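Numbering (the working numbering), first residue to last: 8 to 129. Cβ atoms here follow ideal geometry from the backbone N, Cα and C, with glycine treated the same way. Treat the numbers as computed from the prediction; the structure is a model and nothing was measured. Okay, structure first, notes after.
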Amino acid sequence: MQPVPMELTTFNSLSDERLDYACMEPTFMKIRAKSPAVKNEAIAQLSRGQRALCMFRILYDHSSKSAEEYYGWLSYLLDQPGYWSSVLEGLQFFEDAPFTAHSLRIIAGYIRTNPDEFIVFR
Numbered sequence: 008m009q010p011v012p013m014e015l016t017t018f019n020s021l022s023d024e025r026l027d028y029a030c031m032e033p034t035f036m037k038i039r040a041k042s043p044a045v046k047n048e049a050i051a052q053l054s055r056g057q058r059a060l061c062m063f064r065i066l067y068d069h070s071s072k073s074a075e076e077y078y079g080w081l082s083y084l085l086d087q088p089g090y091w092s093s094v095l096e097g098l099q100f101f102e103d104a105p106f107t108a109h110s111l112r113i114i115a116g117y118i119r120t121n122p123d124e125f126i127v128f129r
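Listed below in structure tokens is the structure:
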């Protein structure tokens, strides 16, 4: 994906969250409500940093509103080939504290051993 065109004044005025979203909005427009094949193709075209940000935004934006959505989206990401590893790669790319990646692995392990307890999108 090409970098997003943006005026410097806009860049400087955006909150961190809005800046993240503005950088990924073209990709989100390509993948929203599309098949897994289309999503995988679009994500594969991203640079390593873009892919890391994209996967973080997918997880955060969909799962930050409630515990149910959090567990539901973790279940969904675990179920989609390549998505979970991309989330973990994103954490490594941004040099997130090992605690976060470790916590996600523990949660994922619990979900894998207790799948009926969580929402699973199929």
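Open item on the list: Only counting the same chain, and skipping five residues up and downstream in sequence, which positions put a Cβ closer than 8 Å to that of Gln57?
Closed with: Result list for Gln57: Met8, Cys30, Met31 and Thr34, in chain order.
Open item on the list: I want to see whether chain C comes within less than 7 Å of Asp86, judged by CB atoms only; does it?
Closed with: Looking at the structure shown, chain C is missing, and only one protein chain is on hand.
TODO: Could you give the DSSP three-state label for Gln99: helix, strand or coil?
DONE: Gln99 sits in a helix when the DSSP states are folded into three classes.
Task: Length at least 4, wholly inside the region 17-89: the alpha helix (DSSP H) runs in chain order - done: Considered as a whole, the region 17-89 harbours 23-38, 43-51, 55-70 and 74-86 as its complete alpha helix (DSSP H) runs of no fewer than 4 residues, in chain order.
- [ ] Note down, in chain order, each residue of its chain lying with its Cβ closer than 7 Å to the Cβ of Cys61, except the 5 sequence neighbours on either side.
- [x] Closer than 7 Å at the Cβ level, and outside the excluded window around Cys61, lie Met31, Thr34, Ile50 and Leu53.
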